[in-house]
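Going by numbering that gives the first Met the number 0, the residue at position 223 of the sequence shown is 222; the numbering climbs one at a time, nothing skipped.
Just so it is clear, CB atoms sit at the ideal spot from N, CA and C, and this is done for glycine as well.
All figures in this text were calculated on a predicted structure; none of them were measured in a lab.
Read the structure below first, then the notes.
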Amino acid sequence: MNKKILITDRFAQDSFLFLQQQGDFDLVRADHPHHLPLEHLVTANALIIRSRTQITEELLKKARQLQLIITCTSGFDHIDLSATEKWGVTVMYTPTANIESAAQLTWGLVLSCANNLHQAHKMVKAGEWKRDLITGIELHGRTYGIIGLGRIGSRVAELAQAFGMNLAAYDPYASDENFERFNIPRLSYEEVLKSADILSFHVPKTLETEHMLNRSHFEYLHRGMILINTSRGSAINENDLGEALSKGWLRAVGLDVFEKEPLPRTSNLLNYPNVVLSPHIGANTEEAFFKASQIAANKLFTFFTDGSTSDTLPPKAAWYGAAPFKRE
Ligand code: NAD
């Protein structure tokens, strides 16, 4: 029997054609990721989504034929997983597709911060050539602190080693092998904060990680530290970060994710020249887009062919059971 698949957001044409060639799928593309056409939603057997499509209980009530949701993302806080469990809808995600792109963007922000590239760029564009005002730091021999030694954190760590940096990492849920692989000890959160010259966050959004960097920590961070967040905006209290910036405690900050997205025009983060901002583009490489689409297409095909699943949500990870993020 034909399965109706509603694709709500960007999806690679090659993967679309791959599914079309299987012959068993009636593929429909929605015009808008937020406003799904009701006539298709009520009859869809599967949704292929990205983070712009919010899966709520309201939506699930309408989608009466729905068996499967695949999100072409590694984050999943756009999906109400207690509702999908309640309504018996299988959910899968594509957490391996974005590892390289998110790690690379993290390093893009690190390098911009370390060399003041963002300020140098602005200066030259403004017709100025004040070379003495732009002085960077060298990373070699410094300590890179990683919070969350999972898929992306580990790739970021590999790249830090390639730069000749020492590593320090905090992750209470990662296996010993994750640490042994880099030949580094398990440290406490405070130990990493105190030792890192560069600190980056690679944690999921949970109750435990919410505002895990706040006023109580800024006072004992290395003065002149570079702080990066490409994971979830909720990990850093932005008000407290603004205070630390106004006191001159940080050399530079690179952020791809924010407490509220899009970042409000009133955000104090817009006022500091040593803050580099990007609009949540950690997954936005050509390769990540194609990988996520094809992984999703393969998962969908095997699910409807032999019922097999992989990368199901809620995740089986210990951190999820310990402190899942509760949707408001
Ligand atoms: P992952 O699950 O592989 O790694 C997350 C790690 O965080 C795990 O090892 C886990 O044990 C650890 N962790 C959980 N709770 C913790 C806590 N309280 N303290 C310290 N560590 C904790 O996930 P990943 O694929 O590496 O992704 C990391 C984050 O990056 C996710 O939030 C994901 O949504 C985000 N992400 C953002 C972009 C972007 O566009 N900016 C792209 C891809 C992924």
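Beta-carbon contacts of residue i that lie in its chain and below 8 angstroms, excluding the five residues immediately before and after
i      : result
Ala321 : Tyr172, Thr205 and Glu207
Leu37  : Lys61
Glu56  : Asp79, Ala82, Lys85 and Trp86
Asn1   : Asp23, Phe24 and Asp25
Leu18  : Ile4, Phe24, Leu26, Ala296, Leu299 and Phe300
Ile183 : Leu166, Ala167 and Ala168
His221 : Lys193, Ser194, Ala195 and Asp196
Phe289 : Ala11, Asp13 and Ser14
Arg130 : none
Residue j beta carbon less than 8 angstroms from that of residue i
i      : j      : result
Tyr188 : Tyr169 : yes
His77  : Gln53  : yes
Ile98  : Ile68  : no
Leu340 : Leu5   : There is no way to answer for residue 340, as the model of the chain reaches only from 0 to 327.
Ser100 : Glu286 : yes
Ala167 : Gly144 : yes
Lys3   : Asp25  : yes
Leu268 : Glu237 : yes
Ala156 : Ile136 : no
Ile294 : Ala159 : no
Cys71  : Ser292 : yes
Leu226 : Leu262 : no
Val88  : Gln118 : no
Nonlocal neighbours in the same chain, by C-beta distance under 7 angstroms from residue i, ignoring five residues either side
i      : result
Val256 : Asn228, Thr229, Ser230, Arg231, Gly232 and His279
Asp8   : Pro32, Ile48, Arg49, Arg51 and Thr52
His216 : Leu192
Ala62  : Leu40, Val41 and Ala43
Arg326 : Residue placement at Arg326 is flagged as unreliable, the pLDDT there being 46, under the threshold of 50; a coordinate-derived value is accordingly withheld.
Pro94  : Ser73, Arg150 and Asp310
Selection from the options that minimises the alpha carbon distance to residue i
i      : options                           : result
Gly306 : Met91, Ile48, Leu16 and Thr83     : Met91
Ser111 : Leu276, Leu166 and Ser194         : Leu276
Pro203 : Ser73, Phe302 and Asp175          : Ser73
Gly163 : Val88, Leu138 and Leu186          : Leu138
Glu190 : His210, Glu157, Thr142 and Glu56  : Thr142
Asp175 : Phe302, Ser153 and Lys129         : Ser153
Gln64  : His221, Trp86 and Ala82           : Trp86
Leu249 : Val155, Asp196, His120 and Leu18  : Asp196
Lys246 : Leu254, Gly223 and His201         : Gly223
Gly242 : Gln66, Arg214, Phe178 and Gln20   : The sequence shown places Glu at residue 242, rather than the Gly named in the question. Looking at the Cα atoms, Arg214 is the closest of the given residues.
Phe200 : Arg180, Ala161, Leu254 and His221 : Leu254
Trp106 : Trp128, Phe181, Gly281 and Trp318 : Gly281
Glu258 : Asn283, Leu212 and Thr284         : Leu212
Contacting residues, own chain, Cβ-Cβ under 6 angstroms from residue i (five flanking each side not counted)
i      : result
Thr311 : Met91
Pro314 : none
Leu240 : none
Thr304 : none
Gln12  : none
Ser266 : none
Val274 : Val252 and Leu268
Thr83  : Val90
Leu244 : Tyr271
Asn115 : Ile133 and Gly135
Arg185 : Phe178
Phe75  : Tyr92 and Leu312
Ile235 : Leu212 and Asn228
Residue i Cβ short of 7 angstroms to the ligand ATP heavy atom set
i      : result
Thr208 : The ligand ATP is absent from the structure shown, which contains only the ligand NAD.
Within 8 angstroms, do at least three Cβ pairs link the region 118-131 to the region 147-156? The region 147-156 and the region 118-131 do not touch, with fewer than 3 CB-CB distances between them shorter than 8 angstroms.
Taking only runs of the beta strand (DSSP E) that begin and end inside the region 50-116, which ones reach a length of at least 3 residues, in chain order? Along the length of the region 50-116, whole beta strand (DSSP E) runs at least 3 residues long occupy 67-70 and 89-92, reported in chain order.
**Asked** Counting only runs that start and end within the region 196-220, where is the alpha helix (DSSP H) found for 4 or more residues in a row?
**Response** Listed in chain order, the complete alpha helix (DSSP H) runs (minimum 4 residues) inside the region 196-220 are 214-217.
(Q) My parser needs the beta strand (DSSP E) runs of 3 or more residues fully inside the region 121-200; what are they? (A) Taking only runs of at least 3 residues, the beta strand (DSSP E) segments lying wholly in the region 121-200 are 142-146, 165-169 and 197-200.
*What beta strand (DSSP E) runs, 3 residues minimum, are completely inside the region 237-319?*
DSSP runs (the beta strand (DSSP E)) wholly in the region 237-319: 249-254 and 274-276.
Inset, instruction - May I have a chain-ordered list of the alpha helix (DSSP H) segments no shorter than 4 residues that lie completely inside the region 2-28? - result: Listed in chain order, they are 12-21.
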